[in-house]
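Colleague:
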Amino acid sequence: MSNYRIHGATGEWEIVVGLEVHAQVTSNAKLFSGASTAFGAEPNTQVSLVDAAMPGMLPVPNRECIRQAVRTGMAIEAQINKWSRFDRKNYFYADLPQGYQISQLYHPLVGKGALHIEADEKAGIPADKVIGIERIHVEQDAGKLMHDQHPTMSYVDLNRTGVALMEIVSDPDMTSPAEAGAYVRKLRSILRYVGSCDGNMEEGSMRADVNVSVRRVGDTELGTRTETKNVNSVRFVMQTIEHEAQRQVDVLEDGGKIVQETRLFDPGTGTTRSMRSKEDAHDYRYFPDPDLLPLELDDEFLEACRASLPELPDAKRRRYENELGLTPYNARELTAEVETFARFETLLAETASALGKPEAKVATQVANWSLSVAPGVVKSLGDEADMAHATAARQAAILKMQDAGEISGGQAKEIYEIVLKTGREPDEIADTEGLKQVSDTGAIEAAIEQIIAANGDKVEQYKAGKDKLFGFFVGQTMKVMQGKANPAVVNQILKDKLG
Amino acid sequence: MSVTREEVAKIASLARIEMHEGDLDHLVPEFNKILEWVEQLGEVDTSGVEPMTAVIEQKLRLRDDVIDADPKTGGGRRDDVLANAPVAEHGFYGVPKVIE
Amino acid sequence: MTEFTKLGVREIRDGVAGGDFTAREVADSFNAAVEAANALNAFIVVTPEKAIDAADAVDAARAAGKDLGPMAGVPIGMKDLFCTDGVQTTAASHMLEGFVPRYESTVSQKLWDAGCGMLGKLNMDQFAMGSSNETSHFGNVASPWRKQGSNAAMSPGGSSGGSSAAVAARIAPAATGTDTGGSIRQPAAFTGICGIKPTYGRCSRWGVVAFASSLDQAGPMARSVEDCAIMLGAMAGFDPKDSTSLDAPVPDWFGNLDADLRGKKVGIPKEYRMEGTDQAILDSWDQGAQWLRDAGAEIVEVSLPHTKYALPAYYIVAPAEASSNLARYDGVRYGLRDLPEGAGLQDMYAATRAEGFGDEVKRRVMLGTYVLSAGFYDAYYTQAMKVRTLVQRDFDAAFGECDVILAPTTPTASFPLDSLNDDPLTMYLNDVYAVPASLAGLPAMSVPATMTEDGLPLGLQIVGRAMDEQGVLNAGLAIEQRAGFTAQPEKWW
Ligand SMILES: [Mg+2]
Ligand SMILES: [Zn+2]
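Residue numbers (numbering that gives the first Met the number 0), protein chains in the order written: chain C, 0 to 498; chain F, 0 to 99; chain D, 0 to 492.
1. Taking only heavy atoms of ligand 2 into account, decide whether any of them is closer than 7 angstroms to the Cβ of glutamate 49 (chain F).
2. Counting C-beta neighbours from all protein chains within 10 Å, is the total for glutamate 103 (chain D) 16 or more, i.e. buried, or is it exposed?
3. Any C-beta of chain D within less than 9 angstroms: which residues of the stretch 136-164 of chain C qualify?
4. Along chain C, which residues have their Cβ under 7 angstroms away from the Cβ of aspartate 178 (chain D)?
5. Under three-state DSSP, which class holds arginine 481 (chain D)?
6. Could you tell me which residues DSSP pairs with histidine 136 (chain C) in its beta bridges?
7. Closest Cβ-Cβ distance between leucine 59 (chain F) and chain D: below 8 angstroms?
8. Show which residues of chain D have a CB atom less than 8 angstroms away from the CB atom of alanine 8 (chain F).
9. Does the beta carbon of glutamine 103 (chain C) sit closer than 8 angstroms to a beta carbon anywhere in chain D?
10. Measure from the alpha carbon of glutamate 338 (chain C) to the alpha carbon of each residue in C:Thr421, C:Tyr415, C:Arg191, then state which is nearest.
11. For phenylalanine 264 (chain C), write down the residues that DSSP places opposite it in a beta bridge.
12. Applying the criterion that 16 or more other CB atoms from any shown protein chain within 10 Å of the CB defines a buried residue, is proline 172 (chain D) buried or exposed?
13. DSSP state of proline 85 (chain F), grouped into three classes?
14. Which same chain residues end up closer than 6 angstroms to alanine 350 (chain D) when comparing Cβ atoms and leaving out the 5 residues on each side of it in sequence?
15. 8 angstroms is my cut-off, CB to CB: does leucine 26 (chain F) come that close to chain C?
16. Report yes or no: do three or more beta-carbon pairs, one from the stretch 100-115 of chain C and one from the stretch 74-92 of chain F, lie closer than 8 angstroms?
17. Would arginine 363 (chain D) and alanine 412 (chain D) qualify as a contact pair, given that the criterion is a beta-carbon distance under 8 angstroms?
18. Contact between the stretch 89-104 of chain D and the stretch 49-64 of chain D is defined here as three or more beta-carbon pairs at a separation below 8 angstroms; is this criterion met?
19. Does DSSP classify glutamate 201 (chain C) as helix, strand or coil?
20. Mind checking glutamate 133 (chain D): buried by the 16 CB within 10 Å criterion, or exposed?
21. Please find out if some non-hydrogen atom of ligand 2 comes closer than 7 angstroms to the beta-carbon of alanine 281 (chain C).
22. List the residues of chain E that phenylalanine 91 (chain C) touches, going by C-beta distances under 7 angstroms, in chain order.
23. Can you check which of these residues, D:Gln345, D:Gly266, D:Ala247, D:Thr276, is closest to tyrosine 90 (chain C) by C-alpha distance?
24. Measuring from the CB of histidine 25 (chain F), is there a heavy atom of ligand 2 at a distance below 7 angstroms?
25. So what's glutamate 6 (chain F) in DSSP terms, helix, strand or just coil?
26. Is lysine 196 (chain D) close to chain C? Criterion is C-beta to C-beta, closer than 8 angstroms.
27. Determine, using beta carbons only, whether methionine 0 (chain D) comes closer than 8 angstroms to chain C.
28. Pick helix, strand or coil for histidine 21 (chain C), following the three-state DSSP scheme.
29. At a CB distance below 7 angstroms, what residues from the stretch 313-325 of chain D approach chain C? Give them in sequence order.
30. Taking Cβ-Cβ distances shorter than 8 angstroms, what residues in chain F pair up with arginine 387 (chain D)?
31. Which ranges does the alpha helix (DSSP H) cover as unbroken runs of at least 4 residues, wholly within the stretch 147-221 of chain D, from first to last along the chain?
32. Starting from glutamate 103 (chain F), find everything on chain D with Cβ-Cβ shorter than 8 angstroms and list it in chain order.
33. Does the distance between the C-beta of histidine 106 (chain C) and the nearest non-hydrogen atom of ligand 2 fall short of 7 angstroms?
34. Counting C-beta neighbours from all protein chains within 10 Å, is the total for methionine 0 (chain D) 16 or more, i.e. buried, or is it exposed?
35. On the DSSP bridge assignment, give the partners of alanine 28 (chain C) in chain order.
36. On the DSSP bridge list, what partners appear for proline 268 (chain D)?
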């Protein structure tokens, strides 16, 4: 239970949030036609006779869209319905050529599931939380209206019409903007792991309908909710909730009532307003689409879907902690994005084989390198850095020298800098640039001999038990060696000599 | 059960069919006569009967995910989809300005 | 020389293939007959050039020794519900007036591929909604038939009334029809011709303007059972573009025609003896049973207990589907747009649809909108779909005891135009015998049987098991052979 509250003039209010996320299914062709789904084409060039709802045109479902929705359902541990059906949602609008959207109301493809969000104190999420998912159904996207191209007309582009969407409907389980934000981020991460949606919110591949209601703290009745449509970024989702909740509290405290309505979010002002065009679209007259038969999936299909699932964010995070021994922080950072863990796992493999050690033994070193050291170097270089040079092999080579004690952490950074600027090989850089530490005991012993000779009194005091003098001898040795001595070797020899 | 003039008018607006008072005069009684007649279906005991889902028993076929596999159901034919449009400009369909 | 317009499908294709005459000669004479028959108003547009081009192609193919299609050289009429590439397709509505598709329906394409040519697009009831061909935006179709001693224009039936009138008047040897709740069988019965609605899914619905998706089926209308068998063979077949298309091979219905019904059982449904049915119809029904017995069949009584509820169920299901199927006619992408001064998008929709739809279409769209609307869906639509299940079970049970069912096609003979318009409900009752087979998706055909004493044709209906078009056609052939139906309408047009 989050402690998010709205402090009204008449008391404390809490909020209840449910999200309907529309995620565009990754597929070549549309849900019921062969037209392309590619983004950004010329208007109406990716429209089939079917998408334009020409007389006598009929829908035939795309297997890949069904497959991706099923895999997504499996990724949120949801019940997959082997028998589902498409229904028609009837309403009139210029972006809806058929006069109905083919969707799934009565028998969705995916039933109840759940999504886990992690505690994040400073974001305002006190504890880990499970957000229920009510269903995922497959449906057609609508077309696009452009209102600013002509003084008296709106223009209609049907390229997006009929593209497959998954509508992922959460339970009203979220009680703060932060939880909603975390939910969307986590959902996006899962979709991208699974590969069923590119999660590109700017291009509209993922949009949220945000359902918000408020109630006085302690009330158990849900308040009347509003639905704000097509909010297309995590930040906007959070803003929508903040604004809409505050608005509702103001209305209620002024003695008004909340109308159940569809609203629109204005990113410019961060506010929402009633959506006139959808006002009278409330009786959708859903009924089973008579152009289609029930969708029946066999075990073979379902097994293939399951078998094709990758390791998912939560499982990966647990493995990183338990098997690779990474800190919870590192584990979360590394598993958040597909690109991040992909880079990490490649470098981890390279390094492990370079060092001839099991991955678990080098994981922490690689994690620190990937999350702090390497990014730090890249940042400091700015445009001087050419990431094309940053191959896993070169980074592994650096980590190997460091592991062998041939170079210090500082030298590792210096070498990586040169790698990023020039693409030269780390070993060669270390040699020619003299970026190596001396581990040759002879040289170090010699240095220590002369330091002991020159500091007989301190040696006496140390032997008498003044242990902290050990640091003094280390410092002296390093000075003589111009900082290039391997600290481990220095310590060892000093211990022997000082007895 | 019979419908009022107002209800018929509401149905017409839901169906996006403009109605004039004159139309309603004959439509309302016709409508009620038909409704009264179809309501005899209420007599049928359908407990335990599933609504028909497929006229002829067969499984829904799924299509391969291939772009423009058949030109009849593929894209890339803007001229054809715009050819009969009452208003088409710059490759778009034109409709009266919509305020969202 | 041959009077080509007397010839049927088989005679024409065999004559052309055998070199007795050319396809061009045939096309020319039918084009002329069509031109001379404006009084029937059977066509919305005529396409003589299409008929000629197809004929010339066939003649050329024959000259080149290529093998010809199963309907090579046969010019046909195309119901205006089938989208035809480059030729106006209106479904007899003002809404689609001037609409010229850039695509060809699967069924019409199959017919062109089989060697047919197109005489024109046939008039019909608007969006296939009607049983008398009086709802067309392009005017009534007049039946070539008239009552003895009367000049009153009679109904050719509907919705495929242009098709029935044209074939009966011999201005086309055959025509396509579509049947949602009797729209092939009832007009065939009214005009003394044959028509078969195959099993739901046999003929692709792709490119056919939709009325009620779960009921619509295309089928042939011609003057003989064998012509229907030939033409159905050319129209049927699996189409991956139609999700409800049957993925099954098309049998050689024509090749397997066999009027010997020994060992077959013919069911007579006892619930079909309804009041309101003319004595003449009941008599021809008994006569039909006699003929089938004579053909070797055993006549058994069967029961279809939910018959009474089939028609009301149909008048919920069909309008519900239609209300949604016709939502696409909104004045945006094709067809009529009515944009009153200063109207917004939604006003444009309402004005366009008020202007573009006729009264019967509006009535059914609104009925369908109502039965699907919030609070009524289960009481009406769901209940109707349950009754539909029961109707189908009735047939399953009946076909446990018989191979085909014999019934009247209609409760009355044809009636004068403008005689039933004031009362939609009596009009609906025309399809009381036709609708049950539609609800169950079963193959059903009407064949001419007898005449009323005032000289109007009466048809008999045969309903078969799903996929058993052969059984239906065979029983139809047995009746045809015994009925010796040779009556022809007196030419008045
Ligand atoms: Mg929604
Ligand atoms: Zn949706």
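Note that beta-carbon positions come from the ideal geometry of N, C-alpha and C, so glycine has one too. Owing to the predicted nature of the structure, the values given are computational and were not obtained by experimental measurement.
Modeller: Taking the structure as given:
1. No, since every heavy atom of ligand 2 falls outside the 7 angstroms radius drawn around the Cβ of glutamate 49 (chain F).
2. Its Cβ being crowded by 16 or more others within 10 Å, glutamate 103 (chain D) is buried.
3. Per Cβ criterion, the list reads Ser153, Val155, Leu157.
4. In chain order: nothing, as chain C lies at least about 16 angstroms away.
5. Looking at arginine 481 (chain D) - three-state DSSP - the assignment turns out to be helix.
6. According to DSSP, histidine 136 (chain C) bridges with C:Glu166.
7. Chain D contact via Cβ: present.
8. Chain D residues near alanine 8 (chain F): none, gap ~10 angstroms exceeds 8 angstroms.
9. Cβ-Cβ to chain D under 8 angstroms: no for glutamine 103 (chain C).
10. Considering only C:Thr421, C:Tyr415, C:Arg191, the residue with the shortest C-alpha distance to glutamate 338 (chain C) is C:Arg191.
11. Among the bridge pairs identified by DSSP, phenylalanine 264 (chain C) is matched with C:Thr271.
12. Classification of proline 172 (chain D): buried, given that the 10 Å Cβ count is 16 or more.
13. If DSSP states are grouped into helix, strand and coil, proline 85 (chain F) belongs with coil.
14. Asp337, Pro339.
15. No, its Cβ sits nowhere closer than 8 angstroms to a Cβ of chain C.
16. In short, these stretches do not touch, since the Cβ pair count stays below three.
17. Contact: no.
18. No: fewer than three Cβ pairs fall under 8 angstroms.
19. In this structure, DSSP gives glutamate 201 (chain C) a state outside helix and strand, which the three-state scheme calls coil.
20. That one is buried.
21. Note that residue 281 (chain C) is histidine in the sequence shown here, rather than alanine. Ligand 2 never approaches histidine 281 (chain C) closely enough for any of its heavy atoms to be under 7 angstroms from the residue's Cβ.
22. You won't find chain E in this structure, because its protein chains are C, F and D.
23. The candidate whose alpha carbon is nearest that of tyrosine 90 (chain C) is D:Gln345.
24. In this structure, histidine 25 (chain F) has its CB at a distance of at least 7 angstroms from all heavy atoms of ligand 2.
25. Helix.
26. With 8 angstroms as the cut-off, lysine 196 (chain D) does not count as an interface residue toward chain C.
27. Note that methionine 0 (chain D) scores a pLDDT of 49, beneath 50, so its modelled location is shaky; the value from the coordinates is reported in the next line. No, methionine 0 (chain D) does not count as interfacial toward chain C.
28. If DSSP states are grouped into helix, strand and coil, histidine 21 (chain C) belongs with the strands.
29. The residues in question are Ala319, Glu320, Ser323.
30. Taking a Cβ-Cβ threshold of 8 angstroms, the residues of chain F close to arginine 387 (chain D) are Pro50, Met51, in chain order.
31. Runs found: 160-167, 184-190.
32. With chain F covering only 0 through 99, there is no way to say anything about residue 103 (chain F).
33. Every heavy atom of ligand 2 is 7 angstroms or more from the Cβ of histidine 106 (chain C), so no.
34. Annotation note: pLDDT 49 at methionine 0 (chain D) (below 50); position unreliable, coordinate value reported separately. By the 16-neighbour rule on beta-carbons within 10 angstroms, methionine 0 (chain D) is exposed.
35. Note: alanine 28 (chain C) sits in a beta bridge opposite C:Ser35.
36. Checking the DSSP bridge columns, you'll see proline 268 (chain D) partnered with D:Val301.
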